[in-house]
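Numbering (the numbering used here), first residue to last: 21 to 285.
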């Protein structure tokens, strides 16, 4: 092997390990011996590709703070959120504490957190727990990723389904997809949505299960995250409880999202 190390195991198998940092083609040859004669020479060709980037938790608002006007980011990236308005209350949640949003069409209360570089809707997962009353506020954004010219948010529709929107400028939102499940039952539910430009997919998961998917081809750096409100196409604020909001730098797999949902069950 020209670009790695080959080792022969006692059981006759072999292991190949590429040189650190190498990507590309490599090959090696071998022949077998049965105690009488050797086999023909065989060639093994391998292609070494770059590993996937490490999974990074970019922000984690546990919402266990219990008081004050700051939602602490537990990821270690210092993306702390500021509570704005008088309609927010610290309450007991699904995982320790939570934040109650007294939304509507005139209650301008939300959480805003600036985010450091590294968050792009090109590849992202947003996961959280919510508890939404039957008399919820339709079209009140739950979590919004705020870009320079575009917002991405998830919000309840008229019947309690969750809708994933992209909103540009002051124009109408573009509905990417909406869940078949309705969540305005005053029960805790785990929700996650993933965006992947490379996979051309926007997916929504409810309680660890895939619910709906659609196409996605956007790419834009995220400047801030808002809980309970969005920057563009204003008009309503989230009403309900929110707990344990997490943001990752990649589109998580179904099994990874199941793990998040099971961890809070």
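Ideal Cβ positions, reconstructed from N, Cα and C, are used throughout, including at glycine.
Consult DSSP for residue i and reduce its assignment to one of helix, strand or coil.
i, result
"residue 207", "coil"
"residue 278", "helix"
"residue 234", "strand"
"residue 283", "helix"
"residue 83", "coil"
"residue 57", "coil"
"residue 227", "coil"
"residue 175", "strand"
"residue 241", "strand"
"residue 187", "strand"
"residue 222", "strand"
Please report how far the alpha carbon of residue i lies from the alpha carbon of residue j, in whole angstroms.
i, j, result
"residue 60", "residue 54", "12 Å"
"residue 221", "residue 212", "14 Å"
"residue 119", "residue 132", "13 Å"
"residue 160", "residue 167", "19 Å"
"residue 101", "residue 153", "24 Å"
"residue 148", "residue 39", "40 Å"
"residue 214", "residue 64", "38 Å"
"residue 157", "residue 98", "31 Å"
"residue 12", "residue 266", "No information on residue 12 is available, as it lies outside the stretch 21 to 285 that the chain covers here."
"residue 208", "residue 270", "25 Å"
"residue 127", "residue 112", "22 Å"
"residue 210", "residue 231", "12 Å"
Per DSSP, what are the beta-bridge partners of residue i in this structure?
i, result
"residue 260", "121"
"residue 101", "91"
"residue 63", "49"
"residue 201", "None, per the DSSP bridge assignment."
"residue 147", "212, 266"
"residue 35", "27"
"residue 78", "Paired residue(s): none; residue 78 is not in a bridge."
"residue 68", "44"
"residue 134", "244"
Kindly list the residues whose CB is nearer than 8 Å to the CB of residue i, restricted to its own chain and excluding five residues on each side of it in sequence; keep chain order.
i, result
"residue 58", "51, 52"
"residue 42", "23, 24, 68"
"residue 35", "26, 27, 29"
"residue 280", "147, 210, 212, 228, 266, 272"
Please go through the same chain and pick out, in chain order, the residues whose beta-carbon is closer than 7 Å to the beta-carbon of residue i, but skip the five residues on each side of it.
i, result
"residue 94", "80, 82"
"residue 86", "110, 117"
"residue 77", "95, 266, 268"
I'd like to know if residue i contacts chain D, where contact means its C-beta is closer than 9 Å to some C-beta of that chain.
i, result
"residue 81", "The chain inventory of the structure shown lacks chain D, comprising one protein chain alone."
Kindly examine the ligand ATP and report whether one of its heavy atoms sits closer than 8 Å to the Cβ of residue i.
i, result
"residue 211", "This structure simply doesn't include the ligand ATP, nor any ligand for that matter."
For residue i, which residues of its own chain have a beta-carbon under 6 Å away from its beta-carbon, when the five flanking residues on both sides are left out?
i, result
"residue 285", "Reliability of the predicted coordinates at residue 285 is poor, the pLDDT of 48 falling under 50, and the value obtained from them is presented with this limitation in mind. Answer for residue 285: no residue qualifies."
"residue 103", "89, 131"
Legend entry - Given 8 Å, three or more beta-carbon pairs between the segment 259 to 266 and the segment 222 to 237: No: fewer than three Cβ pairs fall under 8 Å.
Legend entry - Three or more C-beta pairs below 8 Å linking the segment 195 to 204 and the segment 171 to 187: yes
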